[in-house]
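A.B. asks: Below is a structure I'd like to ask you about.
In the numbering used here, the protein residues as written are 163 to 294.
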């Protein structure tokens, strides 16, 4: 069709044509409005899910850091207790040794065998039994 033949076509302007055009326009608006509502609803649902899971993630990371700090402090305490335990075990082994036990009794408590005489000199550390 040429440009000249298009000008020969005229659109009818009656009530039926106006009503069809109005109905089509109204229906297009309703479809656009429904799509807009669906889009807003979908965005709101995804936004709520992102907020919920984001909060859960942040809360979980916070709890993880707190537990890691507790583990670190517990490990430090455990090392101190293990060192103390090792010291006590070595003391137990030494107390089972008769020579060490005799030296300890003589130096700390001024223990003597029958017939021995103890002379206390001014530079002795164990001058008093209660001192130590």
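Quick reminder that beta carbons are idealized off the backbone N, C-alpha and C, glycines included. Just so you know, these numbers come straight off a predicted model, no measurement behind them.
Return the CA-CA distance between residue 210 and residue 188, expressed in angstroms with no decimal places.
C.D. replies: Rounded to whole angstroms, residue 210 to residue 188 spans 33 Å at the Cα level.
A.B. asks: Given residue 267, which residues of its chain have a CB within under 8 Å of its CB, disregarding the five upstream and five downstream residues?
C.D. replies: Counting only Cβ-Cβ distances below 8 Å, and skipping sequence neighbours, we find 273.
A.B. asks: Could you pull the start and end residues of the alpha helix (DSSP H) that residue 237 belongs to?
C.D. replies: Run containing residue 237: 177-257, per the alpha helix (DSSP H) assignment.
A.B. asks: What is the rounded straight-line gap between the Cα of residue 178 and the Cα of residue 191?
C.D. replies: One C-alpha to the other measures close to 20 Å.
A.B. asks: Could you give the first and the last residue of the continuous alpha helix (DSSP H) run that contains residue 269?
C.D. replies: Element bounds for residue 269: 260-271.
A.B. asks: In whole angstroms, give me the CA-to-CA distance for residue 244 and residue 253.
C.D. replies: Cα-Cα distance, rounded: 14 Å.
A.B. asks: Roughly how many whole angstroms lie between the Cα atoms of residue 227 and residue 240?
C.D. replies: Their backbone Cα atoms lie some 20 Å apart in a straight line.
A.B. asks: Please determine whether the Cβ atom of residue 176 lies at a distance below 8 Å from any heavy atom of the ligand COA.
C.D. replies: As for the ligand COA, it is missing from this structure, which has no ligand bound.
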